[in-house]
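Chains as they are written, first to last, in my numbering: chain A, 23 to 450; chain B, 50 to 217. Every residue, glycine too, gets a C-beta built ideally from N, C-alpha and C.
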Amino acid sequence: MGMTLTEKILARHAGVESVEPGRIVNAKVDLVLANELSAAVAIGVMRQIKGADRVFDPERIALVEDHFVPAKDAQSAKLAKLMKDFAIEQKITHFFDVGRGGIEHVVLPEEGLVAPGELIVGGDSHTCTYGAFGAFATGMGSTDIAAAFVLGEVWLKVPASIKIVYNGKLGPMVFAKDVMLRTVGELGIDGATYRAIEYHGSTVDELSITGRITMANMAIEAGAKNGIFHADAKTLAYVTERTNRPFVVDRADPDAVYERVVNIDVGALEPQVACPHTPDNVHPISEVAADKIAVDQVFIGSCTNGYIEDLRVVANILEGKRIASSLRVIVNPGSQKVWMQAAQEGILTTLAAAGCAVNTPGCGACFGGHMGTLGDGERAVSTTNRNYVGRMGSPKAEVYLASPATCAASALTGMITDPRTVAAFAEV
Amino acid sequence: MESKLRGHAHKYGKNVDTDVIIPGKYCNIVDQAELGKHALEGLDPEFTTRMKAGDIIVADRNFGCGSSREVAPIAIKGSGTSAVIAKSFARIFYRNALNIGLPIFESSEAVDGIDAGDEIEVEPASGLVRNITKGTEYRAAEFPPFMRALIDAGGLVPYVERRLADAN
Ligand code: SF4
Chain A
23 MGMTLTEKIL ARHAGVESVE PGRIVNAKVD LVLANELSAA VAIGVMRQIK
73 GADRVFDPER IALVEDHFVP AKDAQSAKLA KLMKDFAIEQ KITHFFDVGR
123 GGIEHVVLPE EGLVAPGELI VGGDSHTCTY GAFGAFATGM GSTDIAAAFV
173 LGEVWLKVPA SIKIVYNGKL GPMVFAKDVM LRTVGELGID GATYRAIEYH
223 GSTVDELSIT GRITMANMAI EAGAKNGIFH ADAKTLAYVT ERTNRPFVVD
273 RADPDAVYER VVNIDVGALE PQVACPHTPD NVHPISEVAA DKIAVDQVFI
323 GSCTNGYIED LRVVANILEG KRIASSLRVI VNPGSQKVWM QAAQEGILTT
373 LAAAGCAVNT PGCGACFGGH MGTLGDGERA VSTTNRNYVG RMGSPKAEVY
423 LASPATCAAS ALTGMITDPR TVAAFAEV
Chain B
50 MESKLRGHAH KYGKNVDTDV IIPGKYCNIV DQAELGKHAL EGLDPEFTTR
100 MKAGDIIVAD RNFGCGSSRE VAPIAIKGSG TSAVIAKSFA RIFYRNALNI
150 GLPIFESSEA VDGIDAGDEI EVEPASGLVR NITKGTEYRA AEFPPFMRAL
200 IDAGGLVPYV ERRLADAN
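Right, here's the structure in full:
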């Protein structure tokens, strides 16, 4: 029986010929990731494990300060320091402090720490992002991460795979984010629980690496264990520019067994919006814009849409204009490298001139942590991935999820706006 | 695990996500009891004042969806809740709950057959759920053998210790 892409990678890392869904395997990991929140708990757990003084391999662990940094208060500073001290003690090579890193999922690919065929686990649910590169990557809790720190191995139940085939050419102002919001809308927030999503079709072949990152990132929003793309020439170009580590490019077998195949035609897809309070409450922009929904905050950033490509789209829309006086726009470039690139291209100046507050890289407002937390009765449209009650602050706030273009267009008008209606788009 | 868990049911709907179980702003807390004070705050701010130690959370499908924050099951445990019964659990929450020793049980019948306030007793070893108020019984789904072994070992930490000992 043939294997899916996910099954191939798991079998290889478990050292067995083949695996099938439902089987529990012990698999070797290529990289273990944690941020200061998940690391703080994981380090505590590791200290309790008798006989565990050292991590399995200090070069195969990545620790990124991103959630509450620059530290928002003394307690956050304590967690950040705890992780830093651990990195020094354990001689962890890939430790990223403020000013050198950014959001974990933006940083790891940039630093060449992700390659096709690898198995990566992280103490963060959006670890599934690395599926964009043909890696098996999944999020876990801190106790699992502590075990992986020590053993370099994790137990995994092999997921059944759902094959999603996208066809059609994306229209103007329609992006990977819109495709993925539509997908989450169709599957539902538990539609892929315990499953792998394997992305196929001409639409995703055409997507840039950033577009694929956006889509793999939100696999968890449908409950999936991982979301994965086949590596192609674009992937190899991106990865080999950043690392010379050897890696294996796997392919799903032609007779691989999928639990189900979903066909999504995106030829006529409009920009999409996930309305409060779940990421699967997805509607086309024409419906949402008709309601003239005024917003208090626009947030541009996160591991979903905090990349240079995203900032270019936003800057193109805001160039030479002022944002509506009724709202604020907060921009968090995804990483220090994205920030520097944006600075070099003049994007940061364009955004600031339009009236945006540009922050230092990090998670910030995405999870209601700091630097843009919503208050009671406030409403935001955001490029992030989740809009559960209280996600960005007050449980009495509302969050709409959309693409960077839709968010930028909304910033100009003060209400959720179809980016196709904003003039001067011709040149984007 | 205790041989029997007993308490009153607090009932919730589907997709109870980690952001309402423990809002992001509290994720820099590490103390279990302190986290427990904010359990379910985003969904039911009265939960921690109303509940008594031993009480049981009963919820529809996809309990614990959202982030990987292990503080979510830790907060529930810290609140004094003895078990969660749901129609299904989100994947990461399920792993985390087992790893940290929060008893969880999957049973659609039990969830449909329990009303808020009912007195419930659960036998973790057999997965037997008893609704004392209504005099009904349900059986939760069994754990696969590997997970059963993890639970019997007392969670992931003793399991890793054994692996390390075997390697030396
Ligand atoms: S940007 Fe948001 S979703 Fe991504 S890792 Fe940070 S908090 Fe999580």
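Quick check on Ala190(B) - is its C-beta less than 9 Å from some C-beta in chain A? no
Minimum Cβ-Cβ distance from Arg110(B) to chain A less than 9 Å: yes
Can you tell me whether Asn266(A) is buried or exposed? The criterion is at least 16 other CB atoms within 10 Å of its CB, across all chains shown. The residue in question, Asn266(A), is exposed, as its Cβ has fewer than 16 Cβ neighbours within 10 Å.
Contact list for Ile211(A) against chain B, beta-carbon separation under 8 Å: Asn64, Asn111, Cys114
Inter-stretch contact (C-beta, 8 Å, three-pair minimum) for the stretch 344-359 of chain A and the stretch 387-406 of chain A: yes
Below 8 Å on the Cβ atoms is my contact criterion, and I expect Glu220(A) with Ser183(A) to pass it. Report the Cβ-Cβ distance as a whole number of Å. 5 Å
Mind pulling the chain B residues with CB within less than 8 Å of Asp146(A)? Listed along the chain, the chain B residues whose CB falls inside 8 Å of the CB of Asp146(A) are Ser116, Ser117.
Which two residues bound the contiguous beta strand (DSSP E) that contains Gly161(A)? 158-161
Same chain, Cβ closer than 7 Å to Lys191(A), five either side skipped, listed in chain order: Gly289
What in chain A is Cβ-close to Phe195(B), meaning under 8 Å? The answer, in chain order, is Ile46, Trp177.
Name, in chain order, the residues that DSSP records as bridge partners for Trp361(A). Note: Trp361(A) sits in no beta bridge, so no partner.
Is Pro152(B) close to chain A? Criterion is C-beta to C-beta, closer than 9 Å. no
Within the 9 Å Cβ cut-off, does Gln70(A) reach chain B? yes
Return no unless some Cβ of chain B is closer than 9 Å to the Cβ of Gly399(A). No, its Cβ sits nowhere closer than 9 Å to a Cβ of chain B.
So does Ile70(B) have its beta carbon nearer than 8 Å to some heavy atom of the ligand SF4? no
Let me check one thing: in DSSP terms, what residues is Asn248(A) bridge-paired to? Ala218(A)
From what residue to what residue does the beta strand (DSSP E) around Arg188(B) run? DSSP places Arg188(B) in the uninterrupted beta strand (DSSP E) bounded by 185-188.
Whose C-alpha, out of Leu333(A), Ala168(A), Pro293(A), is nearest the C-alpha of Phe197(A)? Pro293(A)
For Ala93(A), collect the residues of the same chain with a Cβ closer than 7 Å to its Cβ; drop the 5 residues on either side in sequence, then sort them by chain order. Ala99, Ala102
Check whether the Cβ of Thr26(A) lies closer than 8 Å to any heavy atom of the ligand SF4, and answer yes or no. no
Is there contact here, the stretch 251-265 of chain A with the stretch 65-73 of chain A, by at least three beta-carbon pairs under 8 Å? no
Could you tell me which whole beta strand (DSSP E) segments of length 3 or greater appear in the stretch 83-123 of chain B? Fully enclosed beta strand (DSSP E) runs of 3 or longer: 105-108.
Could you name the residues of the stretch 407-440 of chain A whose beta carbon sits closer than 7 Å to any beta carbon of chain B, in the order they occur along the chain? Arg408, Tyr410, Val411, Gly412, Arg413, Pro417
Check whether the Cβ of Phe138(B) lies closer than 8 Å to any heavy atom of the ligand SF4, and answer yes or no. no
Give me the chain B residues within the contact set of Phe389(A), using Cβ-Cβ distance strictly less than 7 Å, ordered along the chain. Gly73
Please specify which runs of the alpha helix (DSSP H), each continuous and at least 4 residues long, are wholly inside the stretch 251-338 of chain A, giving them in chain order. 255-262, 307-312, 324-327
Kindly list, in the order they appear in chain B, the residues whose Cβ is closer than 9 Å to that of Phe90(A). Cys76, Asn77
Under a CB-based cut-off of 9 Å, is Asn180(B) close to chain C? Of the chains in the structure shown, none is chain C; the protein chains are A and B.
Short Cβ contact (9 Å threshold) for Ala58(B) with Val107(B): Less than 9 Å divides the Cβ of Ala58(B) from the Cβ of Val107(B).
Bridge partners of Val403(A), per DSSP? Answer by DSSP bridge pairing, in chain order: Val320(A), Tyr422(A).
9 Å Cβ cut-off: residues of chain B touching Lys103(A): What Lys103(A) touches in chain B: nothing, since even the nearest Cβ is about 12 Å away.
Using alpha carbons as the reference points, say which of Leu340(A), Ala154(A), Gly163(A), Ala137(A) lies closest to Asn239(A). Ala154(A)
Could you spell out where the beta strand (DSSP E) holding Arg55(B) opens and where it closes? 54-61
Inspect the beta-carbon positions of Ile286(A) and Ile186(A) and report whether they are closer than 9 Å. yes
For Pro169(A) and chain B, any beta-carbon pair shorter than 9 Å? This sequence places Ala at residue 169(A); Pro is not what is there. Yes, Ala169(A) lies at the interface with chain B (some Cβ there is under 9 Å from its Cβ).
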